[in-house]
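Count along the sequence shown from 1, add 29, and you get the number used in the numbering used here.
Backbone N, C-alpha and C fix where the C-beta goes; we use that ideal spot for every residue, glycine too.
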Amino acid sequence: MSLAATLIQELQMESATTRRVLERVPDAKLGWAPHAKSRTLGQLAMHLASNPAGVTTLASQNPADLPDVGDVDPTSIAEVLAALDASVAEATRLLSGMSDEALAETWRARVNGVEIMALPRITFLRSVLLNHWYHHRGQLSVYLRLLDVPLPSIYGPSADENPFAA
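The following block contains the structure:
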């Protein structure tokens, strides 16, 4: 199995879990934030939804000029879920075109023309496409808990849902 195929397999599996968490986000609370310095629930949900396409688009460029991306305020969770579907589809498409050699090559990122990072492309994808994504999904689960929204199972039972119970 190619390296890209393993990334796609993990992306597909984790996108189903991410969808279960995003589906719990109440439309009426999209503007809520746990702290003045925090993203709103809607902004965090949209960041989570758009991460796969955004990161793989950057990874497909070399060097990549990192954009100054602001937060997006969605109007509904349906908008966020549509963004997730489109984002995962685009990430899958881009990853499908990456050979093992391309994934092993040194990928470079710049800000205002200054190189800020150089590392194997697959390391960037593992770290930012996947690990960064999981970090924000965990953050979203904390937001939901603070709002008393029942949490789905992520990697096992939550206090609200046990997929292993008979």
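Out of Ala-194, Gln-168, Val-178 and Ser-156, the CA that lies nearest to the CA of Leu-40 is found in Ser-156. For Leu-40, the enclosing alpha helix (DSSP H) covers residues 32-51. With 16 or more other CB atoms across the displayed protein chains lying within 10 angstroms of its CB, Ala-82 is buried.
By the neighbour-count definition (other C-beta atoms within 10 Å, threshold 16), His-76 is a buried residue.
Residue burial is scored here from C-beta neighbours: Ser-116 has at least 16 other C-beta atoms within 10 angstroms and is therefore classed as buried. DSSP, reduced to helix, strand and coil, places Leu-148 within a strand of the structure shown. By the CB criterion at 8 Å, Pro-181 and Arg-68 fall outside the cutoff.
Counting C-beta pairs with one atom in each stretch, the stretch 52-69 and the stretch 131-138 have fewer than three that are closer than 8 Å, which means they do not touch.
Scanning its chain for C-beta atoms nearer than 8 Å, with the 5 sequence neighbours on each side dropped, one finds around Ser-125 the residues Ala-33 and Ile-37, in chain order.
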